[in-house]
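Mapped onto my numbering, the consecutive letters of the sequence shown carry residue numbers 61 to 334.
Glycine included, every Cβ here is placed at the ideal spot set by N, Cα and C.
Please read these numbers as outputs of a predicted model, since none were measured by experiment.
Below: one structure, written as C-alpha cells.
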Amino acid sequence: MTATTTPGPAPHSRPRRPRTVDLDLGGRTALVTGAAGGIGRACALRLAAAGAKVRAVDRDAEGLDALAADSSGLAGAVEPEILDLTDLDAAEAAAAGADILVNNAGLQLVRPIEEFPPDVFHTVLTVMLEAPFRLIRGALPHMYAQEWGRIVNISSVHGLRASAFKSAYVAAKHGLEGLSKTAALEGAPHGVTSVCVSASYVRTPLVERQIADQATAHSVAEERVLADVLLKDSAIKRLVEPEEVAEAVLYMCSPQASFITGTSLVIDGGWTAH
C-alpha cells in the first residue's frame, strides 16, 4: 500500500486564522500606541472585541478614523486620539488612568551606521524608547492604586538579536526590553506585570516600506528580499500576521498570565533558536 502525504502550506502563505483567547475585559481601559495600522490596529480591535475601552493613539488621523469605523459593533469601544509621541509630556499625560498599556508605535530606517542620519536616530529612540518610558510613568500611579495593571511592550526579535543597517531600531528595541524588565521588578509588589512580545517580521506597512532599502543595503533584487533577507533566519518561512501578535497581547492580560512578567514572549518562527 502506498502512503500519501498532504502538502503543507506554500512558503510565505498566510496561516489559518487561530482560535482566539476567551477573555472579558469589560470595565478595563487600554491605551494602544501606533494604533492606526499594523500590529497596533490589530491589538486595538482585539482588546475592544474583548470588551475593553481602547484609547487608540496615533498621529495618522485617517487611519484612526478607519479603525474607529471598523470597531463598530464590538463589545468594547475604540476612542481615537491624535498624538505625536515626540511630544513626551503629552504622551505621559495620555496614559493616565490606563489599566492596560500597549507600547507599539515604531519607525524604521535601513542604513549603514556611517550614513545613518543623527536626527532620525534621535527620533527613533524618542518614539520607541523614551515615549514608552513616559507612557509607563504616566500609567503606573493608577495601576498601583488599584493593584492591577498590564504593560505589554511590542518589542521585536531585534530586541534580542541584532541585524546590520538597523542601528537605531535595534538600539531602541534592546532598550525597550530592559525598560520592560525594570518595570516588571518595580510593579510586581503592586499587581502590575510588564512583558515584551518580541516578533520577527510581521506583515505590516512598516515591513513593506523597508523592502527597497533592504534590497539596496544587501545588494539583492527587491523580489528576493523576503526570502533572502527577512525570512533567511526563520525556520518557518512566512511573515507573522498582526492578529497573531494581538492574540498574544490579549493573553498577557488574562488571569492565566498573571505570573508572567519581566520576560519576552518570542514569536519568531525559530529565528532565535540558532
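Residues sharing a beta bridge with residue i, DSSP
{"i": "Ser254", "result": "Ile211"}
{"i": "Pro140", "result": "Ala116"}
{"i": "Ser223", "result": "Paired residues: none, contrary to the question."}
Contact check, residue i vs residue j, beta carbons under 8 Å
{"i": "Ala95", "j": "Arg101", "result": "yes"}
{"i": "Asp159", "j": "Thr242", "result": "no"}
{"i": "Thr332", "j": "Arg221", "result": "yes"}
{"i": "Gly136", "j": "Val117", "result": "no"}
{"i": "Val255", "j": "Leu148", "result": "no"}
{"i": "Leu91", "j": "Ala110", "result": "no"}
{"i": "Ala306", "j": "Cys103", "result": "yes"}
{"i": "Ser131", "j": "Leu105", "result": "yes"}
{"i": "Ser260", "j": "Ser294", "result": "yes"}
{"i": "Leu195", "j": "Val184", "result": "no"}
Assigned exposure category for residue i - 16 Cβ within 10 Å defines buried
{"i": "Gln274", "result": "buried"}
{"i": "Ser258", "result": "buried"}
{"i": "Glu304", "result": "buried"}
{"i": "Glu174", "result": "exposed"}
{"i": "Ala165", "result": "buried"}
{"i": "Gln270", "result": "buried"}
{"i": "Phe225", "result": "buried"}
{"i": "Asp82", "result": "exposed"}
{"i": "Leu245", "result": "exposed"}
{"i": "Pro265", "result": "exposed"}
{"i": "Ala277", "result": "buried"}
{"i": "Lys39", "result": "The shown model of the chain, from 61 to 334, leaves out residue 39, and the question about it has no answer."}
{"i": "Ala112", "result": "buried"}
{"i": "Gly198", "result": "buried"}
{"i": "His334", "result": "exposed"}
{"i": "Asp328", "result": "buried"}
Whole-angstrom C-beta distance between residue j and residue i, which should lie under 8 Å
{"i": "Glu283", "j": "Ala272", "result": "The Cβ separation is near 11 Å, so there is no contact."}
{"i": "Ala154", "j": "Glu141", "result": "7 Å"}
{"i": "Val187", "j": "Val309", "result": "Not really, about 19 Å apart at Cβ, beyond 8 Å."}
> What are the start and end residues of each continuous beta strand (DSSP E) run of 3 or more residues lying completely inside the stretch 84 to 116, in chain order?
Replying inline: 89 to 93, all fully within the stretch 84 to 116.
>> Runs of 3 residues minimum, wholly inside the stretch 250 to 299: which ones carry the beta strand (DSSP E) assignment?
In response: For the stretch 250 to 299, the full-length beta strand (DSSP E) segments reaching 3 residues or more read 252 to 259 along the chain.
> Residue ranges of each alpha helix (DSSP H) run of no fewer than 4 residues wholly in the stretch 154 to 215, ordered along the chain?
Replying inline: Along the length of the stretch 154 to 215, whole alpha helix (DSSP H) runs at least 4 residues long occupy 178 to 185, 191 to 206, reported in chain order.
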